[in-house]
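Residues in the sequence shown are numbered from 391 upward in steps of one, following my numbering. Where a beta carbon is used, it is the ideal one built from N, C-alpha and C, also for glycine.
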Amino acid sequence: MKSFIISILMIVFCFASVFAEDARLISIEAEKIRASVLKKAELEEKQAKKEAEISRKKILSDKNALTASLNDLKSEINDLKLKNKRLEKENKKLAEKKARLAVEYNSKDAMAKELTGFIRIAAKDIDALLGRSINSAFNPDREKKIKPVLNKSRFPGMDDIKSMVEILFDEISVAGQVRLIDGPMINRAGRETVSKILTLGNFTAAYQADENGKNETGFLLFSPQSKSLFALSKLPPSFLSKKIKKYMAGKSADVPIDISHGAALRQITHRTSLKSQIQNGGPIVWPILGIGLFAVIIIIERLLFLYRANINADKMMNKINSLAQAGQWDEGINICEKQKKRPVPRVLLAGINSRNRTREEMENILQETILREIPRLEKFLSTLGIMAAIAPLLGLLGTVTGMINTFHVITFYGTGDPKMMSGGISEALTTTMLGLGVAIPIMLFHTFLSRNVETIISQMEEKGVALANIVFKGRTD
């Protein structure tokens, strides 16, 4: 308030110098103003003191209330501290209990997870077992009992375990049985039919059905996708079919079985006949087969010729020797005449007919007769030798053309599809196989026939010399 008065006075004094000429008026006016200001200041001072007193009383009142509240809060804090200590003790006990329970829980949880893992592994094994079991074709609903156990969001219970045990015992029981039942199957035409089915444990299944008026017997394979048995696209060899028929009829105690669960049976579908191999061999196959056929004709003709040309030369020579010593040359001529279709008797006959000539002339006649017989004996042998050489060369030619076709396919289509390259490779391998298959027997028979011809020629030479010795020995005597 005083500062306000002082500021007013300063303002008055400042205006005094400006308005000096009216100082008196201004002084009077200033005095009035000062009196008014002082009065106003006194009123304001009284009001301020009054308000200050009210505020002081209020502060004192609030102070007492705050002091009481503070005391209450201190009391409450002490109670909370006691309660906090008690709760800390309880919390410590609970923490210890929690840690103990956590250890126990982790242990049991690990055991439960391990047990669950074992159960699910066993369920997967059972599911895989049922997936390749022949018995699933007759009872396809068994897998539905296993699927819930494989669900990871579900904990397996005792009912699931009992179902697994029942399925396993049922499978063990079926796996040790041989059953002959009427059941559904997919035939070779792709149609579902009901036929007589033979199951040999879980290894092999066979069927016997009437297809198009014919009794058909073959093997069955199990399809895990469709849970059905389907017949192999090709029938087994006849000796296997006969064994299956006899076993199904109760006439035999042995039956073919595939312990590889169908892997061996699938080889039947991939078995290729000689006819199909020839068809896949390309154009070079036909010249090779022609050579083989021509060689067979020659071999048969030569075998028959040499069979007829062979004779027991030693036995015949002994008879002629006995007749020569007795001077019965006419009887010896008769013996040779009876066998004159054979080369050795013809040589001996020529020698006997020339017995009255000199030794040199007789030996020349014998040698001439032998030389005359050799072309007939060696007929077609050189041809067989040439065929044995040409056949593998044709096979090699087929191999080259087949590989050229394969490289052309690779050039146009790349190596992404092996089936497109298999045609050329098959042609190459087939011609090589047929070329060697034709050449090797031809070479064997060529050697065999050549050996027989050499034997007959040696017999003619040997018996001719022996006859000359007999004739001229008799003259000396």
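Three-state secondary structure assigned by DSSP to Lys604 | Translated into the one-based positions of the sequence shown, residue 604 becomes position 214. In this structure, Lys604 counts as strand in the three-state DSSP scheme.
Continuous alpha helix (DSSP H) stretch holding Phe695: start and end | As a first step, residue 695 must be located in the sequence shown, where it is residue number 305. Where Phe695 is concerned, the enclosing alpha helix (DSSP H) stretches over 675–699.
Between Pro614 and Ser497, what straight-line distance do the alpha-carbon atoms span, to the nearest angstrom?
-> Taking the sequence shown and counting its residues from 1, the one referred to as residue 614 is at position 224. Taking the sequence shown and counting its residues from 1, the one referred to as residue 497 is at position 107. Distance between the alpha carbons of Pro614 and Ser497 is about 40 Å.
Grab the span of the beta strand (DSSP E) containing Leu761 for me, first residue to last.
-> Translated into positions along the sequence shown, residue 761 becomes position 371. From DSSP, Leu761 is part of no beta strand (DSSP E) but of the alpha helix (DSSP H) over 749–767.
Going by DSSP, which residues form a beta bridge with Pro574?
-> Locating residue 574 in the sequence shown gives position 184, where the first residue counts as 1. DSSP output for Pro574 lists Val584 as bridge partner(s).
Which residue comes first and which comes last in the beta strand (DSSP E) that contains Leu619?
-> Locating residue 619 in the sequence shown gives position 229, counting from the first residue. Here the beta strand (DSSP E) through Leu619 covers 618–621.
Examine the ligand SAM and report whether any of its heavy atoms sits within less than 6 Å of the Cβ of Arg732.
-> The ligand SAM is absent from the structure shown, which contains no ligands of any kind.
Should Gln669 be labelled buried (16 or more other beta-carbon atoms within 10 Å of its own) or exposed?
-> Locating residue 669 in the sequence shown gives position 279, where the first residue counts as 1. Gln669 is exposed by the Cβ-count criterion.
If we count Cβ pairs, one from each stretch, closer than 8 Å, do we get three or more for the region 786–794 versus the region 828–847?
-> no
Beta-bridge pairing of Met599 - partner residues as DSSP gives them | Numbered from 1 along the sequence shown, position 209 holds the residue referred to as residue 599. According to the sequence as given, residue 599 is Ala; it is not Met. Note: Ala599 sits in a beta bridge opposite Glu606.
Specify the secondary structure class of Leu625 as computed by DSSP and reduced to three states.
-> By 1-based counting over the sequence shown, the position of residue 625 is 235. Three-state result, Leu625: coil.
Ile449 to Thr457 span [Cα, whole Å] = Residue numbering aside, residue 449 sits at position 59 when the sequence shown is read from its first letter. Residue numbering aside, residue 457 sits at position 67 when the sequence shown is read from its first letter. Distance between the alpha carbons of Ile449 and Thr457 is about 12 Å.
Ignore the nearest five residues each way along the sequence and tell me which others in Ile723's own chain have a CB closer than 6 Å to its CB.
-> The residue given as residue 723 occupies position 333 in the sequence shown. So the qualifying residues of the chain are Ile742.
Comparing alpha-carbon positions, which option in Ile516, Ala565, Val568, Leu570 lies nearest Asp550?
-> In the sequence shown, the residue the question calls residue 550 occupies position 160. Residue Ile516 is the option with its Cα nearest to Asp550.
Which value, in whole angstroms, describes the spacing of the CA atoms of Arg476 and Lys483?
-> In the sequence shown, counting from the first residue as 1, residue 476 sits at position 86. In the sequence shown, counting from the first residue as 1, residue 483 sits at position 93. Each residue's Cα considered, the two are about 11 Å apart.
Look at the alpha carbon of Met707 and the alpha carbon of Pro677, and state the distance between them as a whole number of angstroms.
-> In the sequence shown, the residue the question calls residue 707 occupies position 317. In the sequence shown, the residue the question calls residue 677 occupies position 287. Their Cα atoms are separated by approximately 47 Å.
Are the region 819–832 and the region 751–766 touching, with three or more C-beta to C-beta distances below 8 Å?
-> no
Does the region 586–596 come within contact of the region 557–571, defined as at least 3 CB pairs closer than 8 Å?
-> yes
Short Cβ contact (7 Å threshold) for Met548 with Leu619 | Taking the sequence shown and counting its residues from 1, one reaches residue 548 at position 158. Taking the sequence shown and counting its residues from 1, one reaches residue 619 at position 229. Against a cut-off of 7 Å, the Cβ pair of Leu619 and Met548 comes out as no contact.
Those residues which DSSP pairs with Ser613 across a bridge | On the sequence shown, residue 613 is found 223 positions in, with the first residue counted as 1. According to DSSP, which records beta bridges pairwise, Ser613 is partnered with Ser618.
Can you tell me the Cα-Cα spacing of Ile511 and Asn541, whole angstroms?
-> Residue mapping note: residue 511 aligns to position 121 of the sequence shown, counting from 1. Residue mapping note: residue 541 aligns to position 151 of the sequence shown, counting from 1. Their backbone Cα atoms lie some 12 Å apart in a straight line.
Residues in its own chain within less than 7 Å of Ile860 by CB, not counting five upstream and five downstream?
-> The sequence position of residue 860 within the sequence shown is 470, counting from 1. The answer, listed in chain order, is Asn711, Ala714.
Under three-state DSSP, which class holds Arg569?
-> By 1-based counting over the sequence shown, the position of residue 569 is 179. Arg569 falls in the strand class under three-state DSSP.
Compute the Euclidean distance between the alpha carbons of Ile760 and Asp704, then round it to the nearest angstrom.
-> As a working note, residue 760 is residue 370 in the sequence shown. As a working note, residue 704 is residue 314 in the sequence shown. Cα to Cα, Ile760 sits roughly 17 Å from Asp704.
Pick out the complete alpha helix (DSSP H) segments inside the region 501–547, 4 residues or longer, and give them in chain order.
-> 537–540
Would you call the CB atoms of His734 and Met850 closer than 7 Å?
-> Translated into positions along the sequence shown, residue 734 becomes position 344. Translated into positions along the sequence shown, residue 850 becomes position 460. Here residue 734 turns out to be Val, not His, going by the sequence shown. Against a cut-off of 7 Å, the Cβ pair of Met850 and Val734 comes out as a contact.
Rounded separation between Gln657 and Phe835 - CA only = Along the sequence shown, one-based indexing puts residue 657 at 267. Along the sequence shown, one-based indexing puts residue 835 at 445. Roughly 34 Å separates the two Cα atoms.
Beta-carbon separation of Ile587 and Gly573 under 7 Å?
-> Translated into the one-based positions of the sequence shown, residue 587 becomes position 197. Translated into the one-based positions of the sequence shown, residue 573 becomes position 183. Cβ distance < 7 Å, so Ile587 and Gly573 count as in contact.
Pro831 to Leu784 span [Cα, whole Å] = By one-based count along the sequence shown, residue 831 stands at place 441. By one-based count along the sequence shown, residue 784 stands at place 394. If you take the alpha carbons of Pro831 and Leu784, they lie about 16 Å apart.
Can you give me the start and stop residues for the alpha helix (DSSP H) that Ala740 sits inside?
-> Mapped onto the sequence shown, residue 740 falls at position 350. Unbroken alpha helix (DSSP H) run through Ala740: 733–743.
CA-CA distance, Glu443 and Val427?
-> Residue 443 sits at position 53 when you count from the first residue of the sequence shown. Residue 427 sits at position 37 when you count from the first residue of the sequence shown. Computed Cα separation, rounded: 24 Å.
What separation, rounded to the nearest whole angstrom, lies between the Cα atoms of Lys665 and Val584?
-> Position 275 of the sequence shown, counted from the first residue, corresponds to residue 665. Position 194 of the sequence shown, counted from the first residue, corresponds to residue 584. Their backbone Cα atoms lie some 34 Å apart in a straight line.
Please classify Ser563: is it buried, with 16 or more other beta-carbons within 10 angstroms of its beta-carbon, or exposed?
-> By one-based count along the sequence shown, residue 563 stands at place 173. Per the 10 Å Cβ criterion, exposed.
Sort Lys503, Met501, Asp560 by Cα distance to Asn525 and report the nearest one.
-> Reading the sequence shown from its first residue, position 135 is the one you call residue 525. Of the candidates Lys503, Met501, Asp560, the one whose C-alpha sits nearest the C-alpha of Asn525 is Asp560.
Give me the Cα-Cα distance between Arg762 and Ser848, rounded to the nearest whole angstrom.
-> What you label residue 762 is simply residue 372 of the sequence shown in a count that begins at 1. What you label residue 848 is simply residue 458 of the sequence shown in a count that begins at 1. Using only the alpha carbons, I get a separation of about 14 Å.
Beta-carbon proximity check, Ser623 vs Arg581, cutoff 7 Å | In the sequence shown, counting from the first residue as 1, residue 623 sits at position 233. In the sequence shown, counting from the first residue as 1, residue 581 sits at position 191. Cβ atoms of Ser623 and Arg581: not closer than 7 Å.
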